[in-house]
Every structure is written in structure tokens, then in C-alpha cells.
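> Numbering (our numbering), first residue to last: 2 to 290.
This is the structure I want to talk about, given as C-alpha cells.
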């Protein structure tokens, strides 16, 4: 485990009509949930002892939010980016706590609407790109396995809420789509996005991973690289007979998994600074559950 993993670094930025405000030195707590599916990522982020004027601006003049985390001496990376949906202020002794409920891509899923007919021969990727273009506040992100989908043999009409149309395409072609930090990501059910993060006792794993019906649940010191759709290499002596078929010489048990859900929880001044991931088994480069 690196010494730097004990020296946490958290940076909170809110922005909007009032400009941009970046905070490092006040107490910041967070709980963030991100998934590979279309349910919007969400976060509860609290900050203590903002000035009165800044508290009044939260959720109004400051309506966008980005939280970065990492360790002193290294980079800090975005673990949540979205909009402030609600704010509550409360007194805790002499301190004032501002708790923000936040969402990623909420405007896109609530307001994006489409109406268009595509001719026979159109590929699903083209339709997805059109739908994404009609969703406010988001852009196209990483696609994996979408380019290979065959063209439609008949004309296709998309009409109604954009998110619902992406859901239909996902069900038809067996793919996941999600909004990650304002970008629409799409991955086939058995595909894995680039990038592998090793989780072991040396890299901050906490306790022993839990084997689940779909794969594994594991907890570690916070690592922003653990994200939905990406691969983790879990190295532990926990019993996982199914994954033994895919063990490599570098593994100390465990195996390879694709992240389906990740939760970041922590504080720049408190004790917690963790990531918990649920992931599906990967065999032969493909997610199998």
C-alpha cells in the first residue's frame, strides 16, 4: 500500500451564473453511487461552514458540481460531475452543514425528446448518436461493441423520451447505456471498457472480497479509476472456483471482473475514504454474467 494513500486530497468545485468556486480547505463528506445501467448516477455531498452568501447561491447561481479525489503528491481525478438538485442547511453545534443532493445527467433523461424516422440500412450506432444529440447537457462518450451491430433491414422510428428510446435499443441489442460525468457511455452486455485496476492488499484492498451470484463484491481504499464498465483484477485468496478458469500467473487468487456498480464514500477530514465495487466475472476477455 502506498504511503500516499493515507494522505487524502479532495477538491469540490461548484459553478454556474455566479462563476466558479473551488473548495479544498473546508470539511467535505460524500457518498456517490454509479452504475453501468441507465439509472442516473447520484451523490450526496456535504460541506461545512460556507459563507452565508455562498450558501444562498448553492443550487441557484451555483447549480453545477464536480468532486475530485485522490492522494497528496498525485493527481486528483473526478469521481462525480453533475448538477445540484436540492440543498439543505442545518446547524451542528457551532458549525453549519450544507448537504447537496446531486444527479448526473438528470436534465438529459427528464427533458430529452426525439422524433425521427430512419431509412432501412441505418445502423443502431447512428440512431444512438442522434438520440444523444437531443439530450440536453450530455455528449457522446465511450462506446464498446456498438460499431459491430448490424444495420436495420427496415425503417426505424424513434419517438418520445430520448432515454426511453435508448432503453429500447439497449434491450434489443443487449447493451448497457449510462451517463458518466455528462457523457453517454454504451457497452455491449459481454464487453469490457479499456483499463484494468488491480485490487489487492498492496493497493489498498480492505478485508476479503465476497463472492456473489454474478461475480464479486470488494472494498478498498478510494481509487477513482474503478468505474462502471471497466475491469478490475482482484487478487485475494478468497475461494472463487468459477473464476479459477481465468486465473493468470500474476494472480494470487481471485480473477478478472467488470464493474457493474461502484460506491465512493468518504471525507477529507473524517476516517472513511473508500470504494466498494460490485462486478461480474470476466472470462476470455468477455463479461459472462
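Just so it is clear, CB atoms sit at the ideal spot from N, CA and C, and this is done for glycine as well.
Since the model is a prediction, treat every value here as computed from it, not as a measurement.
1) Would you call the region 103–116 and the region 41–50 in contact, with 3 or more CB pairs under 8 Å?
2) Can you tell which of 123, 140 and 135 has its C-alpha closest to the C-alpha of residue 150?
3) For residue 198, count neighbouring C-beta atoms within 10 Å of its own C-beta (all shown protein chains included) and say buried if the count is 16 or more, exposed if not.
4) Relative to the C-alpha of residue 70, which candidate in 13, 147, 187 and 129 has its C-alpha closest?
5) Okay, do the region 113–130 and the region 54–62 touch, 3+ Cβ pairs below 8 Å being the bar?
6) Excluding the 5 residues preceding and the 5 following residue 120 in the sequence, name in chain order all residues of the same chain whose CB lies nearer than 6 Å to its CB.
7) From the DSSP secondary-structure annotation, give me the bridge partner or partners of residue 44.
8) Write down every uninterrupted run of the alpha helix (DSSP H) in the region 107–180 whose length is 4 residues or greater and which is fully enclosed by it, in chain order.
9) If contact is defined by three or more beta carbon pairs under 8 Å, each pair taking one atom from either stretch, is the region 162–171 in contact with the region 198–208?
10) Between the region 225–234 and the region 176–183, do at least 3 Cβ pairs fall closer than 8 Å?
11) Report buried or exposed for residue 95, applying the criterion of at least 16 other Cβ atoms within 10 angstroms of its Cβ.
12) Rank 136, 265, 258 and 186 by C-alpha distance to the C-alpha of residue 225 and give the top, closest one.
13) Taking the runs of the beta strand (DSSP E) that are 3 residues or longer, which of them lie wholly in the region 69–104?
14) Along the chain, where does the alpha helix (DSSP H) that runs through residue 56 open and close?
15) Using CA atoms only, rank isn't needed, just tell me which of 213, 219 and 196 is closest to residue 207.
16) Would you kindly work out how many angstroms separate the C-alpha atoms of residue 271 and residue 30, rounded to a whole number?
17) Assign residue 53 to buried or exposed, taking buried as 16 or more other Cβ atoms, counted over all protein chains shown, within 10 Å of its Cβ.
Answer, in terms of the structure:
1) Counting C-beta pairs with one atom in each stretch, the region 103–116 and the region 41–50 have three or more that are closer than 8 Å, which means they touch.
2) Locating residue 150 in the chain shown gives position 149, counting from the first residue. Ranked by how close their Cα comes to the Cα of residue 150, the residues 123, 140 and 135 have 123 in first place.
3) The residue you call residue 198 lines up with position 197 of the chain shown. Residue 198 should be labelled buried.
4) Here residue 70 corresponds to residue number 69 of the chain shown, with the count starting at 1. When C-alpha distances from residue 70 are compared across 13, 147, 187 and 129, the shortest belongs to 13.
5) Short answer: they don't touch.
6) Position 119 of the chain shown holds residue 120. For residue 120, the CB contacts under 6 Å within the same chain, skipping 5 residues up- and downstream, are 156 in chain order.
7) As a position in the chain shown, residue 44 is number 43, starting the count at 1. Under DSSP, residue 44 shares a beta bridge with 33 and 103.
8) Fully enclosed alpha helix (DSSP H) runs of 4 or longer: 107–112, 125–134 and 163–174.
9) Too few Cβ pairs lie closer than 8 Å, so no.
10) Cβ pair count under 8 Å is three or more, so yes.
11) For the purposes of this step, residue 95 is taken as the residue at position 94 of the chain shown. Classification for residue 95: exposed.
12) Residue numbering aside, residue 225 sits at position 224 when the chain shown is read from its first letter. Considering only alpha carbons, the answer is 265.
13) Fully enclosed beta strand (DSSP E) runs of no fewer than 3 residues occupy 77–93 and 96–104 of the region 69–104, in order along the chain.
14) What you label residue 56 is simply residue 55 of the chain shown in a count that begins at 1. Per DSSP, residue 56 belongs to the alpha helix (DSSP H) from 53–58.
15) As a position in the chain shown, residue 207 is number 206, starting the count at 1. Closest option to residue 207, Cα to Cα, is 219.
16) Indexing the chain shown from 1 puts residue 271 at position 270. Indexing the chain shown from 1 puts residue 30 at position 29. Answer to the nearest angstrom: the Cα atoms are 8 Å apart.
17) Against the chain shown, residue 53 aligns to sequence position 52. So residue 53 ends up on the exposed side.
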